[in-house]
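Everything on this sheet refers to the single structure shown next.
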Amino acid sequence: MKKLKLALYLCGLSVAICGLSAPAQASPLMRLQCVTDSGTKLNALLDGPNQQLTIDGAIFQFTEIKNDSAGERLLFQRAVDDSRYQAALNISSSPILLDLVNGDKTLNFSCQSFKA
Numbered sequence: 001m002k003k004l005k006l007a008l009y010l011c012g013l014s015v016a017i018c019g020l021s022a023p024a025q026a027s028p029l030m031r032l033q034c035v036t037d038s039g040t041k042l043n044a045l046l047d048g049p050n051q052q053l054t055i056d057g058a059i060f061q062f063t064e065i066k067n068d069s070a071g072e073r074l075l076f077q078r079a080v081d082d083s084r085y086q087a088a089l090n091i092s093s094s095p096i097l098l099d100l101v102n103g104d105k106t107l108n109f110s111c112q113s114f115k116a
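Read in the UniProt record's numbering, the sequence shown has 12 at position 12, and its numbers run on one by one without any break.
Encoded structure:
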């Protein structure tokens, strides 16, 4: 069920970003170019069918969709050794917002999306 929900969100998001003129060309893959206010950059690939968000080569697994006052967010998680990293992708905002969390440290990115 989670996989279907994520795939539907990504397909709808792809259609919204790329326009309604060619819905048959909507891709379940979305490339993101993100930057912080201080200029830190990253590239990400959102892969709906595999429920993954790849950020500069690091793979995060989809965990849930969360609706709250911040909007609709896709939550992802990654574990390395004893550390847990979380990524929250706010797909209801324009530009798309990406928050990366490692313990007490949070990086906030603003992203542009492109068809992959």
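Ideal placement from N, C-alpha and C gives every residue a C-beta, glycine not left out.
Keep in mind that this is a model prediction, so the values were computed, not measured.
Decide if the stretch 87 to 99 is in contact with the stretch 67 to 79; the criterion is three or more beta carbon pairs, one per stretch, under 8 Å apart. Touching, yes, given that three or more Cβ pairs across the two stretches are closer than 8 Å.
Please classify residue 92 as buried or exposed, where buried requires at least 16 other C-beta atoms within 10 Å of its C-beta. Exposed is the call here.
Within 8 Å, strictly: CB atoms of residue 114 and residue 36: Between residue 114 and residue 36, the C-beta gap is not smaller than 8 Å, which leaves the two residues out of contact.
Using a Cβ-Cβ cutoff of less than 7 Å, which residues in the same chain neighbour residue 103 once the five nearest sequence positions on both sides are dropped? So no residue of the chain qualifies.
Bridge partner(s) assigned by DSSP for residue 59: DSSP output for residue 59 lists 54 as bridge partner(s).
Environment of residue 44 [buried if 16+ CB atoms lie within 10 Å]: So residue 44 counts as buried.
Any idea what DSSP makes of residue 70, helix, strand or coil? Here residue 70 sits in coil by DSSP.
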